[in-house]
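Visitor:
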Amino acid sequence: MNLFGYRVPMMASLLVWCVIWEIVGRLDLMLMLPPFTEVLQAAVGLVQTASWQSATVTTLRAFVMGMALSIVVGVPLGILMGRVKLADELLGMWVSIFSSAPLSALVPVLMILFGFGEKTIVAAVFLFAIWIIVLDTRAGVRHISPSLLEMARSYGASKWALYRIILWAALPEILAGIRLGLIRGVKGVVIGQLLVAIVGYGALFETFSRNFRMADFWALTIILFAFALLIAELIERLEAKVEFYAGARQ
Amino acid sequence: MRNATLRKVPTEQPAMMDSIVEVRGISKSYGNVEALRSIDLDFPRGKLTSLLGPSGCGKTTLLKIIAGLIEPDGGKVSVNGREVSKPGPERAFVFQDFALLPWATVLRNVAFGLELRGRPVAEREKVARHYIAEVGLSGFEDKYPHELSGGMRQRVGLARALSVDADVLLLDEPFSAVDEQNRRKFQEDLIRLRTNQNKTFIFVTHSIEEAVYISDRIVLLSPRPGRVSQIIEPEIDRSVDPDRIHRDKHYLDTVEEIWQGLKQYVD
Numbered sequence: 001m002n003l004f005g006y007r008v009p010m011m012a013s014l015l016v017w018c019v020i021w022e023i024v025g026r027l028d029l030m031l032m033l034p035p036f037t038e039v040l041q042a043a044v045g046l047v048q049t050a051s052w053q054s055a056t057v058t059t060l061r062a063f064v065m066g067m068a069l070s071i072v073v074g075v076p077l078g079i080l081m082g083r084v085k086l087a088d089e090l091l092g093m094w095v096s097i098f099s100s101a102p103l104s105a106l107v108p109v110l111m112i113l114f115g116f117g118e119k120t121i122v123a124a125v126f127l128f129a130i131w132i133i134v135l136d137t138r139a140g141v142r143h144i145s146p147s148l149l150e151m152a153r154s155y156g157a158s159k160w161a162l163y164r165i166i167l168w169a170a171l172p173e174i175l176a177g178i179r180l181g182l183i184r185g186v187k188g189v190v191i192g193q194l195l196v197a198i199v200g201y202g203a204l205f206e207t208f209s210r211n212f213r214m215a216d217f218w219a220l221t222i223i224l225f226a227f228a229l230l231i232a233e234l235i236e237r238l239e240a241k242v243e244f245y246a247g248a249r250q
Numbered sequence: 001m002r003n004a005t006l007r008k009v010p011t012e013q014p015a016m017m018d019s020i021v022e023v024r025g026i027s028k029s030y031g032n033v034e035a036l037r038s039i040d041l042d043f044p045r046g047k048l049t050s051l052l053g054p055s056g057c058g059k060t061t062l063l064k065i066i067a068g069l070i071e072p073d074g075g076k077v078s079v080n081g082r083e084v085s086k087p088g089p090e091r092a093f094v095f096q097d098f099a100l101l102p103w104a105t106v107l108r109n110v111a112f113g114l115e116l117r118g119r120p121v122a123e124r125e126k127v128a129r130h131y132i133a134e135v136g137l138s139g140f141e142d143k144y145p146h147e148l149s150g151g152m153r154q155r156v157g158l159a160r161a162l163s164v165d166a167d168v169l170l171l172d173e174p175f176s177a178v179d180e181q182n183r184r185k186f187q188e189d190l191i192r193l194r195t196n197q198n199k200t201f202i203f204v205t206h207s208i209e210e211a212v213y214i215s216d217r218i219v220l221l222s223p224r225p226g227r228v229s230q231i232i233e234p235e236i237d238r239s240v241d242p243d244r245i246h247r248d249k250h251y252l253d254t255v256e257e258i259w260q261g262l263k264q265y266v267d
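Chain order of the listed sequences is A and B.
full-length UniProt numbering numbers the first residue of the first sequence as 1 and each following residue consecutively.
full-length UniProt numbering numbers the first residue of the second sequence as 1 and each following residue consecutively.
(1) Let me know if A:D28 comes out buried or exposed under the rule of 16 or more other beta-carbons within 10 Å of its beta-carbon.
(2) Just grab the DSSP bridge partners of B:G157 for me.
(3) B:G113 CB to nearest chain A CB: under 9 Å?
(4) Would you tell me roughly how many angstroms separate the C-alpha atoms of A:T120 and A:V189, rounded to the nearest one?
(5) For a test of the three-state rule: what should DSSP assign to A:I198, helix, strand or coil?
(6) Short of 7 Å in beta carbon distance, which residues of its chain neighbour A:V75, apart from the five on each side in sequence? Order them along the chain.
(7) Return the chain-ordered list of same chain residues with a C-beta closer than 7 Å to the C-beta of A:L234, the five sequence neighbours on each side being excluded.
(8) Exposed or buried, what is B:D243 when buried is set at 16 or more other beta-carbons lying within 10 Å of its beta-carbon?
(9) Taking C-beta pairs closer than 7 Å, name the residues in chain A that B:R117 reaches, listed in chain order.
(10) Under 8 Å between beta-carbons, which chain B residues line up against A:W168? List them in chain order, please.
(11) Can you check whether the C-beta of A:A152 is within less than 9 Å of a C-beta belonging to chain B?
(12) Contact criterion: CB-CB distance below 9 Å. Does A:V242 meet it with respect to chain B?
(13) Take residue 294 of chain B and list the residues in its own chain whose beta-carbon comes closer than 7 Å to its own, dropping the five residues that flank it on each side.
(14) Can you find a C-beta in chain B that's less than 9 Å from the C-beta of A:A161?
(15) Do A:A215 and A:A42 have their CB atoms nearer than 9 Å?
(16) Could you have a look at B:I258 and say whether DSSP puts it in helix, strand or coil?
(17) For the alpha helix (DSSP H) that A:T59 lies in, which residues bound it at each end?
(18) From which residue to which residue does the beta strand (DSSP E) around B:T200 run?
(19) Mapping the DSSP letters down to three states, classify residue 269 of chain A as helix, strand or coil.
(20) Looking only at C-alpha atoms, which of B:V228, B:V240, B:S239, B:R247 sits nearest to B:L262?
(21) To the nearest angstrom, report how far apart A:Y155 and B:C57 are at their CA atoms.
(22) Under the three-state reduction of DSSP, which class applies to B:I39: helix, strand or coil?
(23) Just the chain B side, please: which residues come within less than 9 Å of A:L175 by C-beta, in chain order?
(24) If we define contact as Cβ-Cβ less than 9 Å, is B:Q154 a contact residue for chain A?
(25) Quick one: list the residues of chain D neighbouring B:L69, beta-carbon separation under 7 Å, in chain order.
(26) Residues of the stretch 71-101 of chain B with a CB closer than 9 Å to any CB of chain A: list them in chain order, please.
(27) In chain A, what lies closer than 7 Å to B:V204 by C-beta?
(28) Spell out a yes or no on whether the stretch 93-111 of chain B and the stretch 181-197 of chain B are touching, meaning 3 or more CB-CB pairs, one atom from each, closer than 8 Å.
(29) Which runs of the beta strand (DSSP E) fall wholly inside the stretch 64-131 of chain B and span at least 3 residues, in chain order?
(30) Measuring CA to CA, which of A:G66, A:W17, A:R83 is closest to A:K159?
(31) Looking at the strands, I want to know which residues DSSP matches up with B:Y30.
(32) Inspect the CB distances between the stretch 18-25 of chain A and the stretch 191-198 of chain A and report whether three or more fall short of 8 Å.
(33) Go to B:Q230, then tell me how far its beta strand (DSSP E) extends in each direction, as first and last residue.
(34) Thinking C-beta only, is B:L51 closer than 9 Å to B:V204?
(35) With 16 other CB atoms within 10 Å as the buried threshold, where does A:S96 fall?
(36) In chain order, what residues of the same chain have a beta carbon less than 7 Å from the beta carbon of B:R160, not counting five sequence neighbours either side?
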């Protein structure tokens, strides 16, 4: 961003919005919006409470389990669809539908299936995250140059070695899929917990908004946003490293 | 045209020749398009044979059938007297687009054929280093493919093919993605390699000059359907300075002769 001929870092624009928030908050226009500094104070207080800490552990655990499951299932499924035409024709339609469908509507169904507990949250993360991982993995496998696979065959690669090559060659797309999946997974965990409403962050959100504790409410929202951005950023770093090796893909 | 310039060989093969690869009655169609029609060919041991022809004559298809990468509709291929239908250790392939592993170093790429055969690390790296030097890439062992020029990448592809110690090297237009200057240098290196490696080379190209310059034997294929139209053995002394070959009268006459034959297929 350029301002009056000076290069201003991206973070500066964030600062501007924080200042605007602060001003609007101080004007005391609505109950919904306390000043930014108050929200920050609330955040500092919030992370010290036992309820936030246990909610974070619960939320993280469900998130990690749901993500692990969607990667473990999604990547092989994507490879299968990229390699086997029949699998692609059978599953392709469903994967596209689910990847663009309003999945929040399905969370109540998950509640019926898995009850009002952690299982539903894990299932919600899985449901939100897996489809984009499948789609990107499939695209990555499709993208592999045919001569690379011919090379593997002509030098006598075993099935195992061939699939190792496929996995490596499709890695940039797989990682992109996982990064997008993580962001969707955060949505999944929040929506799941909000609907179940008695678990983790969902329970906290419910308490805060019901009691008009808006500073706490916004503090929790900011923590959640920061977390989502942080993991996306970490994966992006990893991607950049992989892109470096994949730079010469023909 | 002087008689000594080139020797036309009847397309019916003389039975006495020591041939390492024998192609008998190979046919291949893609849908309605007949790519190859009953090809019979023998490839003499220790020689460099080029498959030359305009695009659409099925030369790459024929090479990939010999490699075992494409299944023919009919006919058979024998290597060292044994019928083959799959890729095997006695043949190694050099790809038009190099087909290197982008995530692996030059050293690992060159050693990859041996890695797939389960050779121990120390042994395969020793072999790889030898052939990296042989193709003139010493000092680049730890570079990644995208850090190399096209010409250097293809040298990696060639070193990989040499490392597995196959009898037959199959090269699919290896210089087509390499710039002109590098191509000339590469062709010279290939002539040198062929002399001291004692391997059989089968080389697909669409460049008449390239074929005449490097080949002991040129198989001319005609398109639609792909058939053997002529076999030529240019008799060019390649021990002289390479730059002189390009001005040699025999060389120029052979190029002209082949061009006159192929002209009719160019639209």
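Here a beta-carbon is modelled for each residue, glycine too, at the ideal position from N, C-alpha and C.
None of these values were measured; they are calculated from a predicted model.
Guide: According to the data block:
(1) exposed
(2) In the DSSP output, where bridge partners are listed per residue, B:G157 has none listed.
(3) yes
(4) 9 Å
(5) coil
(6) I133, T137, I174
(7) none
(8) exposed
(9) G156
(10) L101, W103
(11) yes
(12) yes
(13) Outside the modelled stretch of chain B, which goes from 1 to 267, sits residue 294 of chain B, for which no answer is possible.
(14) yes
(15) yes
(16) helix
(17) 50-83
(18) 200-205
(19) In the structure displayed, chain A extends from 1 to 250; residue 269 of chain A sits before or after that span and is not available.
(20) B:V228
(21) 26 Å
(22) strand
(23) Here the premise fails: no neighbours, minimum Cβ distance about 13 Å.
(24) no
(25) You won't find chain D in this structure, because its protein chains are A and B.
(26) K86, P87, G88, P89, R91, A92, F93, F95, Q96, D97, F98, A99, L100, L101
(27) Within chain A, no residue comes near B:V204; the closest Cβ sits about 14 Å away, beyond 7 Å.
(28) no
(29) 74-79, 82-84, 91-94
(30) A:R83
(31) B:V33
(32) no
(33) 227-234
(34) yes
(35) exposed
(36) N109, V110, F112, G113
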